[in-house]
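Student:
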Amino acid sequence: MSITNEVKRTTGLFFFCILLAFNSFFIISLCDDFCTKAYAINNAAIPGDSVEARIIAEELMKEKKTERKSIVKDLFNQAKSEYEAKNYETAQQLFERLAQLDPKNKKEAIHYIALCKEGMAKTVPETITGSLIKRGKGNYANKQYSAAVADFESALASNPNDSEAQAWLAKARQAEGLYSREKTTKEERKQILADRRVTNEEKETSEQAALLSVDKSWLPPQKTNREELQVEEVIPESERIEMEARKKLEDKMSSVIVPAISVTDADIQDLIRQLMEMTGVTIVLDEKALAELTKEQPLKITLSTATPIPLLDVLNIAFKTTQLGYKVESNYVWISNKKNITELVTRTYKLKYGERKTHEVKLKEFESKSAEEK
Numbered sequence: 001m002s003i004t005n006e007v008k009r010t011t012g013l014f015f016f017c018i019l020l021a022f023n024s025f026f027i028i029s030l031c032d033d034f035c036t037k038a039y040a041i042n043n044a045a046i047p048g049d050s051v052e053a054r055i056i057a058e059e060l061m062k063e064k065k066t067e068r069k070s071i072v073k074d075l076f077n078q079a080k081s082e083y084e085a086k087n088y089e090t091a092q093q094l095f096e097r098l099a100q101l102d103p104k105n106k107k108e109a110i111h112y113i114a115l116c117k118e119g120m121a122k123t124v125p126e127t128i129t130g131s132l133i134k135r136g137k138g139n140y141a142n143k144q145y146s147a148a149v150a151d152f153e154s155a156l157a158s159n160p161n162d163s164e165a166q167a168w169l170a171k172a173r174q175a176e177g178l179y180s181r182e183k184t185t186k187e188e189r190k191q192i193l194a195d196r197r198v199t200n201e202e203k204e205t206s207e208q209a210a211l212l213s214v215d216k217s218w219l220p221p222q223k224t225n226r227e228e229l230q231v232e233e234v235i236p237e238s239e240r241i242e243m244e245a246r247k248k249l250e251d252k253m254s255s256v257i258v259p260a261i262s263v264t265d266a267d268i269q270d271l272i273r274q275l276m277e278m279t280g281v282t283i284v285l286d287e288k289a290l291a292e293l294t295k296e297q298p299l300k301i302t303l304s305t306a307t308p309i310p311l312l313d314v315l316n317i318a319f320k321t322t323q324l325g326y327k328v329e330s331n332y333v334w335i336s337n338k339k340n341i342t343e344l345v346t347r348t349y350k351l352k353y354g355e356r357k358t359h360e361v362k363l364k365e366f367e368s369k370s371a372e373e374k
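The sequence shown lines up with residues 1 to 374 when you count with our numbering.
#1: With 8 Å set as the bound, which would you pick, yes or no: does the beta-carbon of Ala172 sit closer than that to a beta-carbon of chain D?
#2: Between Asn316 and Leu324, which are expected to be in contact by the criterion C-beta below 8 Å, what is the C-beta distance as a whole number of angstroms?
#3: Within 10 angstroms of the Cβ of Val333, are there 16 or more other Cβ atoms? Answer buried if so, exposed if not.
#4: With DSSP as the reference, please indicate the residues paired to Ser304 in a beta bridge.
#5: Starting from Val281, follow the alpha helix (DSSP H) in both directions and report where the run begins and ends.
#6: What does the alpha-carbon distance come out to for the pair Ala260 and Val284?
#7: With 16 as the cutoff for other CB atoms within 10 Å, does Gln100 come out buried or exposed?
#8: Would you tell me roughly how many angstroms separate the C-alpha atoms of Ala209 and Asn200, rounded to the nearest one?
#9: Ordered along the chain, which non-local residues of its own chain (more than five positions away) have a Cβ less than 7 Å from that of Phe76?
#10: Between Val263 and Met278, how many whole angstroms is the CB-CB distance? I'm expecting something under 8 Å.
#11: Under the three-state reduction of DSSP, which class applies to Tyr112: helix, strand or coil?
#12: Should the region 285-301 be called in touch with the region 240-253, which here means at least 3 C-beta pairs below 8 Å?
#13: Taking the continuous beta strand (DSSP E) assigned at Ile335, which residues delimit it?
#14: Our contact map puts Leu178 next to Gln166 with C-beta atoms below 8 Å; I'd like the distance itself, whole angstroms only.
#15: According to DSSP, simplified to helix, strand and coil, what is Ile428?
#16: Whose CA, out of Ser213, Val314, Asp286 and Lys288, lies closest to the CA of Ser388?
#17: Within a Cβ cutoff of 8 Å, which residues of the same chain sit near Glu164, ignoring the five residues on either side of it in sequence?
#18: Measure the CB-CB distance between Ala170 and Tyr140 and report whether it falls below 8 Å.
#19: Figure out for me which residue from Tyr88, Glu82, Asp102 and Asn87 has the closest Cα to the Cα of Ile71.
#20: Could you give the distance in angstroms between the alpha-carbon of Leu303 and the alpha-carbon of Ala318?
#21: Give every residue of the same chain whose Cβ lies closer than 8 Å to the Cβ of Pro416, excluding the five residues on either side of it in the sequence, and list them in chain order.
#22: Would Ile192 be called buried (16 or more neighbouring beta carbons within 10 Å of its own) or exposed?
#23: Quick check: what's the CA-CA separation for Phe34 versus Asp74?
#24: Within 10 angstroms of its Cβ, does Val328 collect 16 or more other Cβ (buried), or is it exposed?
#25: Output the boundary residues of the alpha helix (DSSP H) element that contains Val314.
#26: DSSP three-state call for Ile235: helix, strand or coil?
#27: Please report how far the alpha carbon of Pro160 lies from the alpha carbon of Gly130, in whole angstroms.
#28: So which of Gln78, Glu176, Met243 and Asn105 has the shortest CA-CA distance to Lys143?
#29: Hey, how far is the Cα of Glu188 from the Cα of Asp195?
#30: Tell me which residue opens and which closes the alpha helix (DSSP H) that Leu375 is part of.
#31: Shortest alpha-carbon distance to Ile386 belongs to which of Glu153, Ser81 and Cys116?
#32: Starting from the C-beta of Asp162, find all residues in its chain whose C-beta is less than 8 Å away, skip the five residues before and the five after it, and write them out in chain order.
#33: Suppose you measure from the CA of Asp32 to the CA of Ile113; what does that come to, to the nearest Å?
#34: List the whole-angstrom C-beta distance separating Ser330 from Glu242, where the pair is believed to meet the contact cut-off of C-beta under 8 Å.
#35: Tell me the DSSP secondary structure of Val328 in three-state form.
#36: I'd like the list of long-range same chain contacts for Met276, defined as Cβ closer than 6 Å, with 5 residues on each side in sequence excluded.
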């Protein structure tokens, strides 16, 4: 068995070597023929060329023409097949190339180029129509019948003779009518149920009101509530005048602007003196209270303002971190210990209850009628 396989392998290898040698001989002969013809063509340009060289040159020219005709024919057939398959853009490119390669048939190529352009112009609305029909079918499947009708109408606007769009439009309009009637019926049912519910609620409410009125008729009469206490604040005239003066001075302190200042560890008395000179507002310092506060260490104030601010704000900032405070009087500002600043305010109020009014009812007419009946 192994000897048979070995013989078969040797025989196959032998035939393969023969085939390889034959192909090599054929390729070498072709190369020699090509070189001979090329040499003859090159020598044909020299005066006194041989007849053999001219013959070879003519044969090559004939072969070249034949090959060119074959290429032109194949290109024309390919372009025409693309045109018939409605691949107008590809066909147009092939015909344009054909017009460049074969000037003799340029008119025919130009004619087909024009046909390709017309075909592309007709294809655009057909493509739009197809996409609109496809979208309309999708809306129809999703029960969006109004949108489907709009899509099919748009498709017919681009291509009025499209039978598919016409059929689907009729179908969508019919479905839209049925859907709208069904929707209207559902809404009417909902409205009827809602009206019934409202009627039942109103009926129950009226029945409950009637029962409540019956229950109230058996209840004893309610006692009348005492009217609310009326409070009226009584402010003496002298106090009112003083309050108005304080308010006026506070308004002035809010309107008087102190220029931007910057002091570090300043004496309180010097600071008050500077503020009085800049604003014209009288500021009185409680010396006794100041002496008590400065027994252990002097009272220094550090103050810095970037922009001009009112006097009232300057005093609030200056005394915020100290034990000093201020109180606005009728015509001056009093600075003392914060404990001394708090004052007791007394207010007087008038208290009275609302007046009860009674109405007189004449009963003579009713008394006379009752006497006659007796």
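C-beta atoms are modelled at their ideal positions from N, C-alpha and C, and glycine is treated no differently.
Here the structure is a predicted model, which is why all the values come from computation and not from measurement.
Tutor: The answer reads as follows:
#1: You won't find chain D in this structure, because it holds only one protein chain.
#2: That pair is no contact at about 12 Å.
#3: Around the beta carbon of Val333, 16 or more other beta carbons lie within 10 angstroms, which makes this residue buried.
#4: BP columns for Ser304 point to Ser262.
#5: Premise fails: Val281 is in no alpha helix (DSSP H) and is neither H nor E.
#6: Approximately 23 Å between the Cα atoms of the pair.
#7: Under this definition Gln100 is an exposed residue.
#8: C-alpha separation (whole angstroms): 14 Å.
#9: Here the set comprises Leu98.
#10: About 13 Å; that fails the 8 Å criterion.
#11: Reduced to three states, the DSSP call for Tyr112 is helix.
#12: Judged by Cβ distances under 8 Å, the region 285-301 makes no contact with the region 240-253, as fewer than three pairs qualify.
#13: Annotation for Ile335: the continuous beta strand (DSSP E) segment containing it runs Val333 to Asn337.
#14: Contact between Leu178 and Gln166 fails: their C-beta atoms lie close to 19 Å from each other, not under 8 Å.
#15: Missing from the structure shown is residue 428; the chain here goes from 1 to 374 and no further.
#16: Here the chain covers residues 1 to 374 and nothing more, so residue 388 does not appear.
#17: Correct list, in chain order: Ile133.
#18: For Ala170 and Tyr140, no; Cβs fall outside 8 Å.
#19: Nearest of Tyr88, Glu82, Asp102 and Asn87 to Ile71, Cα basis: Asp102.
#20: The straight-line gap from Cα to Cα measures roughly 6 Å.
#21: Beyond the ends of the chain as shown, which are 1 and 374, falls residue 416; an answer cannot be given.
#22: It counts as exposed.
#23: The pLDDT assigned to Phe34 is 45, lower than 50, so where the model puts this residue is not dependable, and the model offers no usable value.
#24: By the Cβ-count criterion, Val328 is buried, with 16 or more other Cβ atoms from all chains shown falling within 10 Å of its own Cβ.
#25: Per DSSP, the unbroken alpha helix (DSSP H) holding Val314 starts and ends at Leu311 to Ala318.
#26: Here Ile235 sits in coil by DSSP.
#27: C-alpha separation (whole angstroms): 13 Å.
#28: For the residues Gln78, Glu176, Met243 and Asn105, the minimum Cα distance to Lys143 belongs to Glu176.
#29: When rounded, the separation of the alpha-carbon atoms in Glu188 and Asp195 is 10 Å.
#30: Examination of residue 375 is not possible in this model, given that the chain is present from 1 through 374 alone.
#31: As shown, the chain starts at 1 and ends at 374. That puts residue 386 outside it, with no answer to give.
#32: If we look at Asp162 and ignore the five residues flanking it on each side, its Cβ neighbours are Thr129, Ile133, Ala155 and Leu156.
#33: Reliability of the predicted coordinates at Asp32 is poor, the pLDDT of 47 falling under 50, and no value is obtained from them.
#34: By a beta-carbon distance limit of 8 Å, Ser330 contacts Glu242. Their separation comes to about 5 Å.
#35: Strand.
#36: Cβ neighbours of Met276 beyond the five flanking positions: Ile283.
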